[in-house]
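First the structure, in the form of C-alpha cells, and then the observations on it.
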Amino acid sequence: QCPGWVWALVFIVVLTSLNLTSVRAYGEVEYWLSLIKVLAVIVFIIVGVLYISGAVGTPIPGAPKPGPEVFNMDPFHGGFKALFDIFLNAGFSFQGAELVGIAAGETKNPRKNVPKAIRQVFWRILMFYVLTILIIGMAIPYNDPYLANSKGDIKSSPFTRVFVQAGIAVGADVMNGVILVAILSAGNSGLYASSRALHALSQEGNAPKFFGYVNRYGVPVYCVVATSLVGCLAFIVSLPQVGQGEAYNWLLALASTTGFIAWLGIAFCHIRFRMAYKAQGRSLQDLPFVSRLYPFGPIYTIVICLTILLGQGYTAFSPFSVKNFLSAYVTIPFIFILYFGNKFWARTKILRLVDVDLDTGRSYLDTSMPIEEEKVGFMTKVRNWFRKG
269 QCPGWVWALV
279 FIVVLTSLNL
289 TSVRAYGEVE
299 YWLSLIKVLA
309 VIVFIIVGVL
319 YISGAVGTPI
329 PGAPKPGPEV
339 FNMDPFHGGF
349 KALFDIFLNA
359 GFSFQGAELV
369 GIAAGETKNP
379 RKNVPKAIRQ
389 VFWRILMFYV
399 LTILIIGMAI
409 PYNDPYLANS
419 KGDIKSSPFT
429 RVFVQAGIAV
439 GADVMNGVIL
449 VAILSAGNSG
459 LYASSRALHA
469 LSQEGNAPKF
479 FGYVNRYGVP
489 VYCVVATSLV
499 GCLAFIVSLP
509 QVGQGEAYNW
519 LLALASTTGF
529 IAWLGIAFCH
539 IRFRMAYKAQ
549 GRSLQDLPFV
559 SRLYPFGPIY
569 TIVICLTILL
579 GQGYTAFSPF
589 SVKNFLSAYV
599 TIPFIFILYF
609 GNKFWARTKI
619 LRLVDVDLDT
629 GRSYLDTSMP
639 IEEEKVGFMT
649 KVRNWFRKG
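The sequence shown begins at 269 in this note's numbering and counts up one residue at a time.
Listed below in C-alpha cells is the structure:
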C-alpha cells in the first residue's frame, strides 16, 4: 500500500549516492545486478525449453500446443500500425549497448578491454533478447487473455506466464524481484551514462563550465546531481491528475525517441570518422578495433532509425490524435533547436574531413607492440564477464 512516489524517491537517493562515490562503486553494484538478471534469464530459458518440449507444465486451455504452431499464429496481428506502435518499446529495451563506448574513458586498458566488450555485445543480445523472445513466442499465444490485463499488473508479463504454465507457483514473485532489479540496473546505467555525457559536453564547451568539475575520485558531482534532478520526472507517474499509464507512455516515448536519435548520431559520426581517417592518409591497421560491417552497418542503422522515428507517428494519424502526435514527435524539433542553436551561438561550422581533429584526447600507444594479456583466474573471468554486461 506504499505510494509509488516513496519508492521512486528511495531509488533515486540510493542510485545518486552510489554514483557520487566512485566509478568502482557503480561497477560493483552493476556487477551484482547484472548477475541476478543473467541468472534469471538463464533459468527462464531452461524452464521455457522444458515447457515447450512438454517436459513440464500444462498447455494453455484452448490454445495450440506450445511450439511452432503458437509462434506462427497471426505473426503480423494489427498490421503496420501495431508494428510501428511497438518499435518504441522494443527500442527502449535494446538501448544501452552503446554504454561500452561511454565507459571507455574510465576503463583500465581500453585498447584491449573495449574491443573485447564490443564483440560480446552480439552474443549477449542473441542470448538475452532474441532467444528469450523466441521462447515467449513459442510458449504464449498473442491472444492469451492473461496478457490483456489493462491494469498493467506484473502478472500479465509473458515471463511470469511461462513460469505459471510450467507449474512454478512462485514465478510471479520471482519475476517481481527480477524486474525490480532490472529497473535499478537501468537507472544505475542511465545515471552513469547521462552524467558522463554531460561532463563531456562541458569539456568541449557545449555545456556550463561547472559541469566539468570532478572530485578526487574522478566523479563529475554536479553532473550526477543534475541528472538525478531530471530523474525526478518519475514522480509525475504518481500524480492522480496525469494517470500512471499516460505518464509512463509519455516518458517511454521521450526516452526511446532520444535513444534512436543518439543511435543516428553515433552512426553518422562513425561514417565521418572513417572518411576523415582516410582523407588524412591514415591506416586502419593502426586502430585497435575496426567494424567489419562498415559502411553497411552505419548506413543500415541510419535508414532503420529514420524509418522508426518518422513512422512511429503512423499510429497518431489513424485516427489522428494530438496527444499521440506530440508524444511521437516532440523530441525531434527539440533536438534540432539545440543543434542549430549551438551552431548559431558558438558560430561553429562543419569541418572539412582533412581538418577534423582525430588526436585530441587520444591515448597514444605504440600499436606495433602487442597488447599485454593480464593473467587472471577462471572466477575472475566470470566476474569480468558479468561486470561488462
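Backbone N, C-alpha and C fix where the C-beta goes; we use that ideal spot for every residue, glycine too.
Pick helix, strand or coil for residue i, following the three-state DSSP scheme.
i	result
F588	strand
M341	coil
K333	coil
L286	helix
V442	helix
K376	coil
H491	Here residue 491 turns out to be Cys, not His, going by the sequence shown. Three-state DSSP puts C491 in a helix.
T326	coil
N610	helix
E298	helix
Thinking C-beta only, is residue j closer than 8 Å to residue i?
i	j	result
W518	S595	yes
I576	F536	no
P556	I539	no
I408	R429	yes
L619	Q548	no
A521	L356	yes
I570	L532	yes
Y294	N483	no
F360	S589	no
Y319	A437	no
M443	F339	no
F362	Y397	yes
L288	V446	no
D412	I313	no
M341	Y410	yes
E658	I605	For the chain, the structure presents residues 269 to 657; residue 658 sits outside this window and is missing.
Less than 7 Å between C-beta atoms, sequence neighbours within five positions excluded: which residues of the same chain meet that for residue i?
i	result
G496	The question names Gly, but residue 496 is Ser in the sequence shown. Hits under 7 Å: I280, T284, L459.
A475	L466, L469
S462	T495
R542	Y562
G316	I403, A407, V430
What does the alpha-carbon distance come out to for the pair residue i and residue j?
i	j	result
T526	V309	27 Å
L399	V489	39 Å
W661	S453	Look at the range of the chain in this structure, 269 to 657, and you will see that residue 661 is not part of it.
G420	G335	With a pLDDT of only 49 at G420, under 50, the local geometry of the prediction cannot be trusted, and no value is derived from it.
A450	L301	7 Å
S559	I354	29 Å
Y568	A515	32 Å
S290	G364	21 Å
A358	M395	16 Å
Y545	D623	10 Å
H345	E337	15 Å
Excluding the five sequence neighbours on either side, which residues of its own chain have a C-beta within less than 6 Å of the C-beta of residue i, listed in chain order?
i	result
V432	G439
G368	The question names Gly, but residue 368 in the sequence shown is Val. A385, I386.
L277	none
G480	S470, Q471
G579	F352
K333	P327
In chain order, what residues of the same chain lie with their CB nearer than 8 Å to the CB of residue i, ignoring the 5 residues before and after it?
i	result
C383	Correcting the residue type first, residue 383 is Pro in the shown sequence and not Cys. Hits under 8 Å: P556, F557.
V324	V315, L318, A434, G435
F602	none
Y485	T289, S290, V291
I600	T525, I529, L577
N610	N474, T616
Checklist entry - Taking the runs of the alpha helix (DSSP H) that are 4 residues or longer, which of them lie wholly in the stretch 519-585? => result You should have 564-579, 582-585.
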